[in-house]
Amino acid sequence: MDEILKLLGTFPEKVELDPQVLEEVDCGSFIRRKISYMVEADERISAYLCVPKDLTGNVSAIFCHHQHHGEFELGKNEVVGLAGNPDQAYAKELAERGYITFAPDAIAFEERQGGGEWFALATRLVQGRTLMAKVLHDVSVGLDFLVSQPNVDPAKIGFIGHSYGGRMALWVPAFDNRVRVSVSNCGCIDYRHSLTTDTGIQMEFCIPGFMERFDLDDVVAHFENCPLLISATTEDKWSRGYDGLYEAIKAKGQEDVELKVYPGQHVFSPEMREYAYKFLDNKLLQTNSLK
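Structure, rendered in structure tokens:
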């Protein structure tokens with residue numbers, strides 16, 4: 290891990306969260322709060338926190354990372370069901386299932402579009418830093434906020450994502466062991482399968498020199514006590530190489546990893562989501578306390 294960290298470069302400094310509640314909406318079985326908090330000294334971002342009603346004790350919580358899809362106007366709003374594709378509303382569905390869910394915008398998306406994804410990468414590379422260090426930092430700060438919330442069991446934190454979120458599900462637990470189960474949907478393409486014009490390397494994952502010594506399985510090898518579900522589809526270019534990745538992860542000693550393959554394209558269908566949710570239920574020993 291030390292060598293990978295060297296390639297990622299300097300991470301931003303954490304500051305006091307200074308959280309603020311911006312709005313609160315009754316969604317029937319849960320309350321959806323829009324909140325904001327500090328990720329760096331000069332940067333405040335917003336997120337949605339969905340909390341089931343009538344909790345009587347601490348429950349599991351899930352960090353829900355949005356997709357990419359080239360739709361930079363979407364982010365947290367899609368995973369809570371306010372915009373975009375209803376099949377991406379997994380933060381809403383998991384809250385209805387009894388989980389506390391958390392969904393922030395990644396840099397360059399929705400309320401964080403700023404100069405865009407290329408600007409976020411290029412301005413860091415010329416300073417000897419990487420965008421990956423920034424996005425991992427932002428997720429870690431988000432986890433700081435999540436575990437500080439009432440009724441969140443800090444020993445039962447999960448992570449789920451589709452596409453870009455699915456790729457982050459294969460990175461985050463290696464750098465933050467508070468994540469105790471991770472679900473990656475249609476985002477398991479590794480570096481060696483990304484060197485084609487129809488995929489390429491997503492800007493967040495452009496880490497100078499990474500492929501000289503490492504690939505994605507070397508990242509997942511650093512998961513500790515974090516079961517992993519890799520959900521892939523047969524016709525999805527962002528799932529390309531799923532079988533080889535799975536075997537490489539297993540060969541590196543990660544036993545609690547499951548590969549589930551479906552026919553189809555780049556989707557997170559109801560069938561796929563239900564299987565993913567049951568995986569989370571099982572691994573987190575879901576016993577949420579509701580009145």
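With the numbering used here applied, the sequence shown corresponds to residues 290 to 580, in that order. Glycine included, every Cβ here is placed at the ideal spot set by N, Cα and C.
Environment of residue 583 [buried if 16+ CB atoms lie within 10 Å]: Since the first residue of the chain shown is 290 and the last is 580, residue 583 is not available in this structure.
Could you give the first and the last residue of the continuous beta strand (DSSP E) run that contains residue 320? Sequence index remark: in the sequence shown, residue 320 carries index 31 (1-based). Looking at the DSSP string, the run of the beta strand (DSSP E) that includes residue 320 is 319-329.
Helix, strand or coil, according to DSSP, for residue 442 in the structure here? Locating residue 442 in the sequence shown gives position 153, counting from the first residue. Looking at residue 442 - three-state DSSP - the assignment turns out to be strand.
Check each candidate in 384, 547, 556 and name the one with the smallest Cα separation from residue 568. Against the sequence shown, residue 568 aligns to sequence position 279. Taking only the C-alpha atoms, the option nearest residue 568 is 547.
According to DSSP, is residue 547 helix, strand or coil? As a first step, residue 547 is located in the sequence shown; it is residue number 258 there, counting from the start. Strand.
Taking its Cβ as the centre, do 16 or more other Cβ atoms sit within 10 Å of residue 336, making it buried, or is it exposed? Here the question's residue 336 lines up with position 47 in the sequence shown. The residue is buried, with at least 16 neighbouring Cβ atoms inside 10 Å.
Closest to residue 301 by CA distance: which of 416, 512, 379, 441 is it? Here residue 301 refers to the residue found at position 12 of the sequence shown. Out of 416, 512, 379, 441, 416 has the C-alpha closest to the C-alpha of residue 301.
Helix, strand or coil: which one does DSSP assign to residue 373? Against the sequence shown, residue 373 aligns to sequence position 84. Residue state, collapsed to three classes: coil.
Name the two residues that bound the continuous beta strand (DSSP E) containing residue 352. Position 63 of the sequence shown, counting from 1, holds the residue named residue 352. Per DSSP, residue 352 belongs to the beta strand (DSSP E) from 348-354.
State the DSSP-derived secondary structure class of residue 502, mapped to helix, strand or coil. One-based indexing of the sequence shown puts residue 502 at position 213. Here residue 502 sits in helix by DSSP.
Alpha carbon to alpha carbon, how far is residue 368 from residue 320? Give it in angstroms, no decimals. The residue given as residue 320 occupies position 31 in the sequence shown. The residue given as residue 368 occupies position 79 in the sequence shown. Their Cα atoms are separated by approximately 15 Å.
Give the single residue among 389, 381, 551 whose Cα lies nearest to the Cα of residue 440. Numbered from its first residue, the sequence shown carries residue 440 at position 151. Comparing Cα-Cα distances from residue 440 to each of 389, 381, 551, the minimum goes to 389.
Residue 344 versus 485, 549, 386, 357, residue with shortest Cα-Cα distance: Mapped onto the sequence shown, residue 344 falls at position 55. Selection 485, 549, 386, 357 evaluated against residue 344 yields 386 as nearest (Cα-Cα).
Classification of residue 516 by the beta-carbon crowding that lies within 10 angstroms, buried from 16 upward: If you number the sequence shown from 1, residue 516 lands on position 227. Its Cβ being crowded by 16 or more others within 10 Å, residue 516 is buried.
Alpha carbon to alpha carbon, how far is residue 498 from residue 492? In the sequence shown, counting from the first residue as 1, residue 498 sits at position 209. In the sequence shown, counting from the first residue as 1, residue 492 sits at position 203. So the two alpha carbons sit approximately 14 Å from each other.
For residue 455, which of helix, strand or coil comes out of DSSP? Here residue 455 refers to the residue found at position 166 when the sequence shown is read from its first residue. Helix, per DSSP.
For residue 315 and residue 425, the rounded distance between their alpha carbons: Taking the sequence shown and counting its residues from 1, one reaches residue 425 at position 136. Taking the sequence shown and counting its residues from 1, one reaches residue 315 at position 26. Residue 425 and residue 315: Cα-Cα distance of roughly 31 Å.
Restricting to Cα atoms, I'd like to know which of 549, 513, 338 is closest to residue 313. Taking the sequence shown and counting its residues from 1, the one referred to as residue 313 is at position 24. Of 549, 513, 338, the residue nearest in Cα terms is 338.
Straight-line gap, residue 576 to residue 566 (C-alpha atoms, nearest Å): Along the sequence shown, read from residue 1 onward, the residue named residue 576 stands at position 287. Along the sequence shown, read from residue 1 onward, the residue named residue 566 stands at position 277. Residue confidence is low: residue 576 scores 47 on pLDDT, short of 50, so the model does not pin down where it sits. Its coordinate-derived value is still stated next. Taking the CA atoms as reference points, residue 576 sits about 14 Å from residue 566.
Three-pair Cβ contact test at 8 Å for the region 550-558 versus the region 518-527: yes
Can you tell me whether DSSP reads residue 297 as helix, strand or coil? Taking the sequence shown and counting its residues from 1, one reaches residue 297 at position 8. Residue 297: helix per DSSP, three-state reduction.
Short check: CB of residue 481 to CB of residue 506, under 8 Å? Your numbering for residue 481 matches position 192 in the sequence shown. Your numbering for residue 506 matches position 217 in the sequence shown. Contact flag unset, no.
Where do the N-terminal and C-terminal ends of the beta strand (DSSP E) with residue 479 fall, by residue? Against the sequence shown, residue 479 aligns to sequence position 190. From DSSP, residue 479 is part of no beta strand (DSSP E); its letter is neither H nor E.
Between 452, 490, 479, which lies nearest to residue 473 when the distance is taken from Cα to Cα? Working through the sequence shown from its first residue, we reach residue 473 at position 184. If we check each option's Cα against that of residue 473, 452 comes out closest.
Taking three-plus beta-carbon pairs below 8 Å as touching, is the region 459-467 in contact with the region 371-387? no
Under a Cβ-count criterion, where at least 16 other Cβ atoms within 10 Å of its own Cβ denotes burial, should residue 437 be classed as buried or exposed? Your numbering for residue 437 matches position 148 in the sequence shown. The residue in question, residue 437, is exposed, as its Cβ has fewer than 16 Cβ neighbours within 10 Å.
So, for residue 326: in the same chain, excluding its five sequence neighbours on each side, which residues have a beta-carbon less than 6 Å away from its beta-carbon? For the purposes of this step, residue 326 is taken as the residue at position 37 of the sequence shown. The answer, listed in chain order, is 306, 308, 434.
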